[in-house]
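S.K.:
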């Protein structure tokens, strides 16, 4: 391929228009494709805000200097972190229990729970699903945790949302229909 005439295809540009996040107990069987259904122990968390789900990879690196610190020979990774960030748009039991790391007690008139800012969902399994028209991307993690990340606003005209990060401690598995061979 000549550099001045690249072969490009707009059909390969992914635009995530919708998606979801689900969380369940450690050891629960995860999906192994983009089709099928979730294990009953994995709970869908509900709608996300219009900002959707953001995938982050952070890698810490340290330079290895050459003789007499004249230049860097190369950089080596010293740590890495993979996580999803977003805002849950629903106020429901799975969201509150995961974000605040608490248990919701429900009565006929209301639910109640304690807020402990230092708690998380605890470790479990996670499934992120990103939809782009007919295309589907499913990312599974057998070892992850949901943390509260940011402020919840109670303000006139502003929808209540629960910002979160789902940190993956393993190497997540990705199933992506855009990468099929046919």
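Numbering (our numbering), first residue to last: 1 to 182. The C-beta atom is built at its ideal place from N, Cα and C for all residues, glycine as well.
Please name the residue, chosen from 158, 79 and 83, that lies closest to residue 126 on a Cα-to-Cα basis.
M.R.: 83
S.K.: For the alpha helix (DSSP H) that residue 98 lies in, which residues bound it at each end?
M.R.: 93 to 100
S.K.: When DSSP labels each residue in this structure, what does residue 53 get in the three-state scheme?
M.R.: In this structure, residue 53 counts as strand in the three-state DSSP scheme.
S.K.: In the DSSP assignment, find the beta strand (DSSP E) that holds residue 124 and state where it starts and stops.
M.R.: Bounds of the beta strand (DSSP E) holding residue 124 are 123 to 132.
S.K.: Based on Cα-Cα distance, which residue from 31, 103 and 120 lies nearest to residue 129?
M.R.: 31
S.K.: Given residue 121, which residues of its chain have a CB within under 8 Å of its CB, disregarding the five upstream and five downstream residues?
M.R.: Cβ neighbours of residue 121 within its own chain (closer than 8 Å, five residues either side excluded): 23, 97, 98, 99, 101, 145, 146 and 147.
S.K.: Classify residue 165 as helix, strand or coil using the three-state DSSP reduction.
M.R.: In this structure, residue 165 counts as strand in the three-state DSSP scheme.
S.K.: Determine the DSSP secondary structure at residue 1, reduced to helix, strand or coil.
M.R.: Because the pLDDT at residue 1 is just 46, under 50, the model does not fix this residue reliably, and the value given afterwards should be weighed accordingly. Residue state, collapsed to three classes: coil.
S.K.: Just the Cα atoms here: how many angstroms apart are residue 81 and residue 137?
M.R.: 20 Å
S.K.: Are three or more beta carbon pairs between the region 103 to 110 and the region 46 to 54 nearer than 8 Å?
M.R.: Between the region 103 to 110 and the region 46 to 54 there are fewer than three inter-stretch CB-CB distances shorter than 8 Å, so the stretches are not counted as touching.
S.K.: Tell me which same chain residues have a C-beta within less than 6 Å of the C-beta of residue 26, skipping the five on either side of it?
M.R.: Shown here for residue 26: same chain residues with a beta carbon closer than 6 Å to its own, the five before and five after excluded, namely 123 and 124 in chain order.
S.K.: If you compare alpha carbons, which of 19, 34, 114 and 18 is closest to residue 175?
M.R.: 34
S.K.: Is it right to say residue 60 is buried, meaning 16 or more other beta carbons lie within 10 angstroms of its own, or is it exposed?
M.R.: Answer is exposed; the Cβ neighbour count stays below 16.
S.K.: Grab me the residues of residue 92's own chain with a C-beta within less than 7 Å of its C-beta, minus the 5 sequence neighbours each way, in chain order.
M.R.: 46
S.K.: Could you check how far apart the C-beta atoms of residue 28 and residue 41 are, in whole angstroms? I think they sit under 8 Å.
M.R.: 5 Å
S.K.: Return the chain-ordered list of same chain residues with a C-beta closer than 6 Å to the C-beta of residue 57, the five sequence neighbours on each side being excluded.
M.R.: 82
S.K.: Buried or exposed for residue 95, going by 16 or more other Cβ atoms inside 10 Å?
M.R.: buried
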